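These notes concern the structure reproduced below.
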Amino acid sequence: MRWDDLDRETCSLSRTLAVIGDRWTLLVLRDAFLRVRRFEDFQASLGIARRVLTERLKLLVDEGVLKKVAYQERPVRYEYRLTEKGLGLYPALVALVHWGDEHYAGKKGPPLLHRHLACGHDFKSVMTCSECGEAIDPREVKPHAGPGARKRA
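According to the UniProt record's numbering, the sequence shown holds residues 1 to 153 in order.
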């Protein structure tokens, strides 16, 4: 399988990686969730080359993860906002952040905490079963073919 062919794979993870599977794109998304919206602010936060940032933002807009919204008329200038599709990436990104907190935060602890505004507590991501509500342990999951699986000959 070639990197450029991931978007044509039957695997949902491969198709997802075709959109968000490089480090700059994940960091752009991190900043978008931290409410960074303008090109210059992404560039300043990330220290990324303009060409690379332009490519990543274009891909995310083309894929419907971000949308461009004009914030100035003359000259027209845009900011980038998460769409519903983009907001759907939050559980995956926060899970990666919390995994990093657990394994790489260092002695002082995580550099950023996440507070649930409804209850006022800092939280750690937990995956639960949509049917019974129990926490998911990967050793207690058995994948099986779904309706979109390739038919075997």
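Idealized CB from N, CA, C, for every residue including glycine.
Nothing here was measured: the structure is a model prediction, and the numbers come from that model.
Within the region 73-143, ranges of the beta strand (DSSP E) (whole runs, at least 3 residues): 77-82
How would you write the range of the alpha helix (DSSP H) that L27 sits in, first residue to last? R23 to F33
Return helix, strand or coil for A70, following the three-state DSSP convention. strand
Quick one, which of G86, L96, C132 and L112 has its alpha-carbon nearest R23's? L96
Excluding sequence positions up to five away, which residues of its chain have a Cβ less than 7 Å from the Cβ of L29? I20, L89 and L93
Examine chain C for any beta-carbon lying closer than 8 Å to the beta-carbon of P110, and answer yes or no. Note that chain C does not occur in the displayed structure, where there is just one protein chain.
Which residue or residues does DSSP assign as beta-bridge partners of R38? E79
Use the C-beta contact count for L34: other C-beta atoms within 10 angstroms, 16 or more gives buried, fewer gives exposed. exposed
Which of the three DSSP states, helix, strand or coil, is assigned to R150? coil
Between the Cα of Y78 and those of R38, L87 and L66, spot the shortest distance and give me the residue it belongs to. R38
I need the straight-line Cα distance from A60 to E84, nearest angstrom please. Note on residue identity: the sequence assigns Leu, not Ala, to residue 60. L60 and E84: Cα-Cα distance of roughly 13 Å.
Using 8 Å as the threshold, is the C-beta distance between R81 and K58 below it? no
Inter-residue Cα distance where the pair is G148 and Q72: 44 Å
For L17, which of V69, E63 and R139 has the nearest alpha-carbon? E63
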